[in-house]
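Q: Please find one structure pasted underneath; my questions will follow.
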Amino acid sequence: MSDQNAASGCGRRSFMKGALAIAAAPAFALNGFRGDAEAAAVRMLPKQWDEEADIVIVGSGFAGLSAAAEAASRGSSIMIIEKMPIYGGNSRINGGGYNAWTDMLKLRETLKRGEDSADLHYQDTLKGGDYYNMPELVRILVDNAPVALDWMLKEGDLKLKNVIIRIGGHSAYRDHVTLDGTGRGYVDALKKIAERNGVKKIRLRTKLTWIWRKDPASPVLGIEVDTPRGTRNIRVKKALVLTSGGFSRDLQMRKMFNPNISDAYNSTNQPGATGEVIRYAQAIGADVLQLCFIQLYPTADPDSGTLDKYALYPSRMPSYGGIFVDYKGKRFVSELERRDVVSRAEINSGGKRAFTVFTDKMIPNVTTPEEVQNGIAAGRVWKASTLADLARQMGVPATALEETIARHNQFLKEGKDPQFNKPFTPQMQAIGEGPYYSVAQWPSVHHCMGGLRINPQAQVIDIWGQPIPRLYAAGEVTGGVHGSNRLGANASPDAIVFGRIAGANAAREKE
Ligand SMILES: Cc1cc2nc3c(=O)[nH]c(=O)nc-3n(C[C@H](O)[C@H](O)[C@H](O)COP(=O)(O)OP(=O)(O)OC[C@H]3O[C@@H](n4cnc5c(N)ncnc54)[C@H](O)[C@@H]3O)c2cc1C
5 MSDQNAASGC GRRSFMKGAL AIAAAPAFAL NGFRGDAEAA AVRMLPKQWD EEADIVIVGS
65 GFAGLSAAAE AASRGSSIMI IEKMPIYGGN SRINGGGYNA WTDMLKLRET LKRGEDSADL
125 HYQDTLKGGD YYNMPELVRI LVDNAPVALD WMLKEGDLKL KNVIIRIGGH SAYRDHVTLD
185 GTGRGYVDAL KKIAERNGVK KIRLRTKLTW IWRKDPASPV LGIEVDTPRG TRNIRVKKAL
245 VLTSGGFSRD LQMRKMFNPN ISDAYNSTNQ PGATGEVIRY AQAIGADVLQ LCFIQLYPTA
305 DPDSGTLDKY ALYPSRMPSY GGIFVDYKGK RFVSELERRD VVSRAEINSG GKRAFTVFTD
365 KMIPNVTTPE EVQNGIAAGR VWKASTLADL ARQMGVPATA LEETIARHNQ FLKEGKDPQF
425 NKPFTPQMQA IGEGPYYSVA QWPSVHHCMG GLRINPQAQV IDIWGQPIPR LYAAGEVTGG
485 VHGSNRLGAN ASPDAIVFGR IAGANAAREK E
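298 is the number that my numbering gives to position 294 of the sequence shown; each next residue is one higher, with no gaps.
Here is the structure:
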């Protein structure tokens, strides 16, 4: 680089030999972490930029694609980087659930699933998070969840199943489900909108390895990435948007912040769900909150820990009458309880797996007979014409299972659950005639409620409480929306609503 540039600081950088040259000023880092600490102390700003974009987005899940779609619609040039060989992150393998208290199709109203409102969704979310949530962020979530859903329906050709579910911890039927029952439906819709707005491609196998900022008052200047062709430095002209997801697969971080979430548990997440981006952001002054709040999904496949289609039945069948039993064939919790409560009850049951029991009549409210049939063929779902035969397949005592179901049917008839105080709804059916079905379930590490601190504009806040100039974040990499415990199907709208806000505000930054 030229002497002039070396002396002038970042304000006078200029293009050199097709690349962007900047000053050799030291980059500042507040609190590097693990092996990064030493590097942070000595790292110098790169001598030149290899590339530049108005807005660089780290991560290609719901939050990243939403941010890209919004920013591109405002005329900004967008670069999305993704460290994995495929795009979509956890969003792609998500169960397709999305809470919105209404929608343009009026599904809840048409299916006559009772009342709901933004205020009720707000109250449920705060209560479900034990009031650790930032109320201003929750308000934005619930008010904008239907708007974002309609946006995907209208502009992204999103298709939904004709069902509405009530999941544990919610007091209304508000969970919408994609036609294919996975997050792929939303990912495809968001990608379609982003591409239509001018986003060209997602750079796969491109991993953020540092964030460049000159000093505690400076804006974010750019990032360092690791690519199959080596290390590159990318100048950020308007803003950097961090949408890198949670750290459920980061054993060291998990154990550091919540030793209880040890490696004894599997994880439902994709392998790229690690927390290095949080650490890089911390190293340039970003504040974090509530990193110890890490959620166990109570009903993953006990063998693999994955959340396949069948692992969603335990979270969806109870709203239509399905029940949970433990290895003794007994109920052990209210089936409409929050995930943390169900997980804890399963662990405390003393067994190694628990089960959901449901019947033929419940299936159309949740999924299709064909999908259940596939589950049977895959060995994930058991089917029997008698409860005794079902119990035999599950490996639980038949008499106990029969008694449990008879007792629960009686509770349902009387409209009161003296055992676990489950709130019965008119949509719940008794487990009457067969055929009967069951699926096994067990906790697996699922969601990180804590993360980077943001404000309602999705700006990342520093440890002194000020926004870091030109730095935004959205989705599971952030903390504060869900409090101590995320309610099922609230993460999809969280990532999409705040991704849109981050993208729109990033695009408003001046070069
Ligand atoms: C199996 C499963 C099922 C779920 N089902 C539901 C559901 O039905 N409803 C619901 O509301 N929520 C559900 N969730 C939660 C929800 O899917 C996630 O919280 C949400 O998808 C997070 O979106 P995101 O955009 O923040 O992150 P992600 O979709 O995880 O995307 C982040 C991306 O960033 C990439 N990345 C990370 N670090 C770097 C780096 N250093 N450089 C470059 N790229 C990086 C990751 O590889 C990843 O692709 C589910 C989660 C899982 C795992």
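The beta-carbon is built from N, C-alpha and C at its ideal position, and this holds for glycine as well. Bear in mind the structure is a predicted one, so any value in this text is a computation, not a measurement.
(1) DSSP beta-bridge partners for I288?
(2) Using CA atoms only, rank isn't needed, just tell me which of N201, D107, G383 and D421 is closest to V516.
(3) Do the CB positions of V240 and G507 come within less than 8 Å of each other?
(4) Answer yes if the segment 145-158 comes into contact with the segment 463-476, meaning at least three C-beta pairs across the two stretches below 8 Å, and no otherwise.
(5) Whose CA, out of A478, G487 and F428, lies closest to the CA of V62?
(6) Measuring straight from C-alpha to C-alpha, what distance separates I90 and Y324?
(7) On the three-state DSSP scale, how would you describe H412?
(8) Label L183 either buried or exposed according to how many other C-beta atoms from any shown protein chain fall within 10 Å of its C-beta, with 16 as the threshold for buried.
(9) Hey, quick one: how far does the beta strand (DSSP E) through M257 stretch, first residue to last?
(10) For G289, which residues in the same chain have their Cβ closer than 7 Å to its Cβ, ignoring the five residues on either side in sequence?
(11) Hey, quick one: how far does the alpha helix (DSSP H) through A349 stretch, first residue to last?
(12) Would you be able to state if there are at least three C-beta pairs under 8 Å between the segment 375-389 and the segment 311-320?
(13) Hey, could you find the ends of the alpha helix (DSSP H) L153 is sitting in?
(14) Should R342 and G173 be called a contact, given that it needs their Cβ atoms to be closer than 8 Å?
(15) Classify D364 as helix, strand or coil using the three-state DSSP reduction.
(16) Which ranges does the beta strand (DSSP E) cover as unbroken runs of at least 3 residues, wholly within the segment 431-494, from first to last along the chain?
(17) Whole beta strand (DSSP E) runs in the segment 259-283 with 3 or more residues, listed along the chain?
(18) Using only the alpha-carbon positions, how far apart do D161 and R200 sit?
(19) State yes or no: is the C-beta of N148 nearer than 7 Å to some heavy atom of ligand 1?
(20) Would you tell me roughly how many angstroms separate the C-alpha atoms of G438 and A392, rounded to the nearest one?
(21) Report yes if the C-beta of V346 is less than 7 Å from at least one heavy atom of ligand 3; otherwise report no.
(22) Which residue wins for smallest C-alpha separation from A57, given the options A358, A243 and T106?
(23) Check whether the segment 63-79 touches the segment 125-134, taking contact to mean three or more Cβ pairs, one atom from each stretch, closer than 8 Å.
(24) I'd like to know whether the C-beta atoms of W446 and N237 end up nearer to each other than 8 Å.
(25) In whole angstroms, what separates the C-alpha of S64 from that of V481?
(26) Would you kindly work out how many angstroms separate the C-alpha atoms of G279 and T403, rounded to a whole number?
(27) With a threshold of 7 Å, establish whether the CB of T372 neighbours any heavy atom of ligand 1.
(28) Would you tell me roughly how many angstroms separate the C-alpha atoms of R217 and G226, rounded to the nearest one?
(29) Using a Cβ-Cβ cutoff of less than 6 Å, which residues in the same chain neighbour G202 once the five nearest sequence positions on both sides are dropped?
(30) How long is the line joining the alpha carbons of G187 and P30, rounded to whole angstroms?
(31) Around the Cβ of Q294, are there at least 16 other Cβ atoms within 10 angstroms (buried) or fewer (exposed)?
(32) Would you report the Cα separation of Q431 and I84, rounded to the nearest angstrom?
(33) Would you call T114 buried or exposed, if buried means 16 or more other Cβ atoms sit within 10 Å of its Cβ?
(34) G226 by DSSP, collapsed to three states: which one?
(35) Give the single residue among G276, V329 and N489 whose Cα lies nearest to the Cα of Y441.
(36) Under the criterion of a Cβ to heavy atom distance below 7 Å, does K526 qualify as lining ligand 1?
A: Taking the geometry as given:
(1) I288 pairs with nothing; no bridge assigned.
(2) The chain is shown from 5 up to 515; residue 516 falls before or after that span and cannot be answered.
(3) Result no, Cβ atoms of V240 and G507 do not sit closer than 8 Å.
(4) No, the segment 463-476 is not in contact with the segment 145-158.
(5) Nearest option by C-alpha distance: A478.
(6) One C-alpha to the other measures close to 36 Å.
(7) Three-state result, H412: helix.
(8) Residue environment for L183: exposed (fewer than 16 other C-beta atoms within 10 angstroms of its C-beta).
(9) Careful: M257 lies outside any beta strand (DSSP E), inside the alpha helix (DSSP H) at L255 to F261.
(10) Closer than 7 Å at Cβ, skipping near neighbours: L34, P220, D466, I467 and I472.
(11) Counting along the chain, the alpha helix (DSSP H) containing A349 begins and ends at R343 to N352.
(12) Here the segment 311-320 lies against the segment 375-389, with 3 or more beta-carbon pairs under 8 Å apart.
(13) P139 to E159 is the span of the alpha helix (DSSP H), which, as asked, contains L153.
(14) Cβ atoms of R342 and G173: closer than 8 Å.
(15) For D364, the three-state secondary structure derived from DSSP is helix.
(16) Runs found: 440-452, 463-465 and 471-477.
(17) Listed in chain order, nothing qualifies, since the segment 259-283 has no complete beta strand (DSSP E) run of 3 or more residues.
(18) Linking D161 to R200 through their CA atoms gives a straight-line distance of about 12 Å.
(19) No, Cβ of N148 sits at least 7 Å from all heavy atoms of ligand 1.
(20) So the two alpha carbons sit approximately 11 Å from each other.
(21) For the structure depicted, ligand 3 is absent and the ligand set comprises only ligand 1.
(22) If we check each option's Cα against that of A57, A243 comes out closest.
(23) They do not touch, by the three-pair rule.
(24) In this structure, N237 does not lie closer than 8 Å to W446 by Cβ.
(25) Rounded to the nearest angstrom, the two C-alpha atoms are 12 Å apart.
(26) Cα to Cα, the separation comes out at about 47 Å.
(27) Checking the Cβ of T372 against ligand 1 gives no.
(28) So the alpha carbons of these two residues sit roughly 7 Å apart.
(29) Here the set comprises A76.
(30) The straight-line gap from Cα to Cα measures roughly 42 Å.
(31) It counts as buried.
(32) Just so you know, the alpha carbons of Q431 and I84 end up roughly 44 Å apart.
(33) Looking at its Cβ environment, which holds fewer than 16 other Cβ atoms inside 10 Å, T114 is exposed.
(34) G226 falls in the strand class under three-state DSSP.
(35) Among G276, V329 and N489, the Cα nearest to that of Y441 belongs to V329.
(36) Residue coverage of the chain in this structure runs from 5 to 515, which leaves residue 526 outside it and unanswerable.
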